[in-house]
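S.K.: Here it is: the structure, laid out below.
Residue numbers (our numbering): -10 to 148.
Here's what the structure looks like:
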């Protein structure tokens, strides 16, 4: 059971990380092509940018899942994992909650804490929270292997 939990947790972790990286890269390319290098010089945008990116990512996941029944994680990587649609839906909604928590924490640190504290969070706290959160969601999503029940009739040997 422990092996199954670790396997599912790590499998979901790298899938979530790759999807998060693809979203961040796509958003960065769109913003740079739209606004050019003018955005780099704005200090507040650098502080609040990760919160905006994470918030938009969470919003995208919820809209696709709730509105169109498109599970982005399952659509991109779900062919190799044997999970039911209900399990994928639960995972995406918990993942969205994690992303929203990270966006809120980043915004609070960017607004109230000194810049050095935000740097430390961005460098160590954010990735650690992401990895531990996704790993914990995968760990709790692992279901025990069901025992196969034989349907063969039992013979009466007492007679």
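We treat Cβ as the ideally placed atom computed from N, Cα and C, and that holds for glycine. As the structure is a prediction and not an experimental result, all values here were calculated from the model.
Relative to the C-alpha of residue 119, which residue among 95, -4, 25 is closest?
M.R.: Measuring from the Cα of residue 119, the nearest candidate turns out to be 95.
S.K.: Are the Cβ atoms of residue 98 and residue 126 separated by less than 8 Å?
M.R.: It is not a contact, given that the beta carbons lie outside the stated cut-off.
S.K.: Taking buried to mean at least 16 other C-beta atoms within 10 Å of its own C-beta, is residue 17 buried or exposed?
M.R.: Looking at its Cβ environment, which holds fewer than 16 other Cβ atoms inside 10 Å, residue 17 is exposed.
S.K.: What first and last residue would you give for the alpha helix (DSSP H) that runs through residue 40?
M.R.: From DSSP, the alpha helix (DSSP H) with residue 40 extends over 32 to 51.
S.K.: Ignore the nearest five residues each way along the sequence and tell me which others in residue 40's own chain have a CB closer than 8 Å to its CB.
M.R.: Once the five neighbours on either side are set aside, the close Cβ partners of residue 40 are 92, 93, 95, 96, 99.
S.K.: Taking residue 78 as the reference, which of 90, 102, 52 has the closest Cα?
M.R.: Taking only the C-alpha atoms, the option nearest residue 78 is 52.
S.K.: What three-state label does DSSP hand residue 138 in the structure shown?
M.R.: Annotation note: pLDDT 44 at residue 138 (below 50); position unreliable, coordinate value reported separately. Looking at residue 138 - three-state DSSP - the assignment turns out to be coil, as it is neither helix nor strand.
S.K.: Taking 7 Å as the limit between beta carbons, can you name the residues of its chain near residue 122, skipping five residues before and five after?
M.R.: Cβ neighbours of residue 122 beyond the five flanking positions: 87.
S.K.: How would you label residue 112, buried or exposed, when you count the other beta carbons within 10 angstroms and need 16 or more for buried?
M.R.: Exposed, since its Cβ has fewer than 16 Cβ neighbours within 10 Å.
S.K.: Taking 8 Å as the CB-CB limit, is residue 77 close to chain C?
M.R.: Although the question refers to chain C, the structure presented lacks it and comprises just one protein chain.
S.K.: In this structure, does DSSP put residue 102 in helix, strand or coil?
M.R.: Coil, per DSSP.
S.K.: From residue 0 to residue 36, what does the alpha carbon distance come to, in whole angstroms?
M.R.: Their Cα atoms are separated by approximately 31 Å.
S.K.: Among 28, 62, 71, whose alpha-carbon lies nearest the alpha-carbon of residue 11?
M.R.: Closest option to residue 11, Cα to Cα, is 62.
S.K.: Can you give the beta carbon distance from residue 85 to residue 43, rounded, assuming they're within the 8 Å contact cut?
M.R.: With 8 Å as the limit, residue 85 and residue 43 do not qualify as a contact, their Cβ atoms being about 10 Å apart.
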